Amino acid sequence: MLVVLATLGAALQPAVERRAWLGAAAVAVVARDEVAVAKCTDIESCREEGERRIEEEERMKGPTVSLPGGVRYREMELGDGPALAVGDSADIRFQVLQSANGYFMYGVPDRMGKDLSETYRVTLGSLDVPEGVEDAMVGAARGSRRRVQLPPNKGFATSEWRPEPADFAGKQRIKRFQALLTGSGSQPGYDAQILFEFEVVRVKKRSKST
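Every position in the sequence shown, counted from 1, becomes a number in the numbering used here once 17 is added.
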């Protein structure tokens, strides 16, 4: 019965308020777990249990940090060791994703490449990556993994579109993303955002001047 109600809630989604739809989704979350179903005796208690579980799943993904300029990042993995600061260097693995749908654009190491140990060298302050990514890298350490949401004012234009994709497919995806920002023909551009997920592999602290 709970599964039927959840299905009806999804079908009527355009006609119901957001909370009502979330309530139906929460019921579906509970219904898929037999143990959880046994704990609730009516629709309201199932909805509350489902919402609690959704919130818990979001917390398990890691905290979200907001930075100046509209940059936000999620701390997906904590690192250890010396923290990065401006002037330090780091070898990173990364992937660039469309914010709207999580569509993969390109990254290092290349998914189709053979060298899975490949990394990209970044020196904070040199704009080897977009300014918003540099901002989010401050304080990261070896093993840190963060997913950064970049608004256009802190995006790839600030680093002259570095890092550049190495393969043809990646270059074409970036061109299509640029067209979203600038517009094409009668289609106006808009403030499309992008996700930059990175993992710190190595940290090299800046040499102290004598």
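Cβ coordinates follow ideal geometry from the N, Cα and C atoms, glycine included. Being a predicted model, the structure only gives us computed values, none of them experimental.
DSSP beta-bridge partners of residue i
{"i": "Tyr-137", "result": "Ile-109"}
{"i": "Glu-214", "result": "Gln-112, Arg-164"}
{"i": "Gln-204", "result": "Ser-201"}
{"i": "Val-82", "result": "Tyr-90"}
{"i": "Tyr-123", "result": "Val-113"}
{"i": "Arg-159", "result": "Asp-97"}
Residue environment, residue i, which counts as buried when at least 16 other CB atoms sit within 10 Å
{"i": "Val-47", "result": "The predicted position of Val-47 is uncertain, since its pLDDT is 44 and thus under 50; no value can be drawn from it."}
{"i": "Thr-199", "result": "exposed"}
{"i": "Asp-97", "result": "exposed"}
{"i": "Glu-216", "result": "buried"}
{"i": "Met-18", "result": "For Met-18, the predicted model reports a pLDDT of 43, less than 50, meaning its position is unreliable; a value from the coordinates is still stated below. That one is exposed."}
{"i": "Thr-258", "result": "Nothing about residue 258 can be reported from this structure: the residues present for the chain run from 18 to 227 only."}
{"i": "Arg-36", "result": "Unreliable placement is indicated for Arg-36, whose pLDDT of 48 sits below 50; no coordinate value is reported for it."}
{"i": "Val-88", "result": "buried"}
{"i": "Leu-133", "result": "exposed"}
{"i": "Tyr-120", "result": "exposed"}
{"i": "Lys-192", "result": "exposed"}
{"i": "Ala-102", "result": "exposed"}
{"i": "Glu-177", "result": "exposed"}
{"i": "Val-44", "result": "Bear in mind that a pLDDT of 46 at Val-44, under 50, signals an unreliable position, so the number given afterwards is only what the model happens to contain. Buried."}
{"i": "Val-52", "result": "Residue placement at Val-52 is poorly supported in this model, since its pLDDT is 43, which falls under 50; the coordinates are not used for a value here."}
Simplified DSSP assignment, three categories, for residue i
{"i": "Lys-171", "result": "helix"}
{"i": "Glu-94", "result": "strand"}
{"i": "Gly-87", "result": "helix"}
{"i": "Leu-144", "result": "coil"}
{"i": "Arg-179", "result": "coil"}
{"i": "Leu-197", "result": "helix"}
{"i": "Val-220", "result": "strand"}
{"i": "Arg-70", "result": "helix"}
{"i": "Gly-104", "result": "coil"}
{"i": "Asp-59", "result": "coil"}
{"i": "Arg-10", "result": "Examination of residue 10 is not possible in this model, given that the chain is present from 18 through 227 alone."}
{"i": "Val-54", "result": "Its pLDDT being 42, under 50, Val-54 is placed unreliably in this model, and the value from its coordinates should be taken loosely. Here Val-54 sits in helix by DSSP."}
{"i": "Asp-184", "result": "coil"}
{"i": "Asp-132", "result": "coil"}
Candidates the options: closest to residue i by CA position
{"i": "Ser-116", "options": "Ala-157, Phe-194, Pro-147", "result": "Phe-194"}
{"i": "Leu-114", "options": "Ser-224, Tyr-123, Asp-108", "result": "Tyr-123"}
{"i": "Gln-112", "options": "Lys-222, Asn-170, Thr-136", "result": "Thr-136"}
{"i": "Phe-173", "options": "Ser-161, Gly-156, Ala-157, Pro-147", "result": "Pro-147"}
{"i": "Thr-81", "options": "Ala-100, Leu-133, Arg-162", "result": "Arg-162"}
{"i": "Val-155", "options": "Pro-99, Thr-58, Asp-59, Ser-62", "result": "Pro-99"}
{"i": "Ala-157", "options": "Leu-133, Asn-118, Ser-201, Leu-141", "result": "Leu-141"}
{"i": "Asp-127", "options": "Arg-110, Gly-119, Asn-118", "result": "Arg-110"}
{"i": "Asn-118", "options": "Lys-225, Lys-221, Leu-212", "result": "Leu-212"}
{"i": "Asp-145", "options": "Arg-190, Glu-181, Ser-201, Glu-65", "result": "Glu-181"}
{"i": "Pro-169", "options": "Ser-143, Glu-92, Asp-208", "result": "Asp-208"}
{"i": "Glu-214", "options": "Arg-70, Arg-91, Ser-143", "result": "Arg-91"}
Anticipated Cβ contact below 8 Å, residue i with residue j, distance rounded
{"i": "Glu-210", "j": "Gln-166", "result": "The question names Glu, yet the displayed sequence has Gln at residue 210. Yes, Gln-210 and Gln-166 are in contact; Cβ-Cβ is about 6 Å, under 8 Å."}
{"i": "Arg-159", "j": "Arg-219", "result": "6 Å"}
{"i": "Gly-149", "j": "Gly-86", "result": "7 Å"}
{"i": "Leu-139", "j": "Ala-107", "result": "Reading the sequence as shown, one finds Val at residue 139 and not Leu. So it is a contact: roughly 5 Å between Cβ atoms."}
{"i": "Gly-206", "j": "Leu-197", "result": "7 Å"}
{"i": "Gly-104", "j": "Arg-179", "result": "The Cβ separation is near 18 Å, so there is no contact."}
{"i": "Asp-152", "j": "Leu-95", "result": "With 8 Å as the limit, Asp-152 and Leu-95 do not qualify as a contact, their Cβ atoms being about 18 Å apart."}
Interface flag, residue i vs chain B, CB-CB below 7 Å
{"i": "Ser-143", "result": "No chain B is part of this structure, which consists of one protein chain only."}
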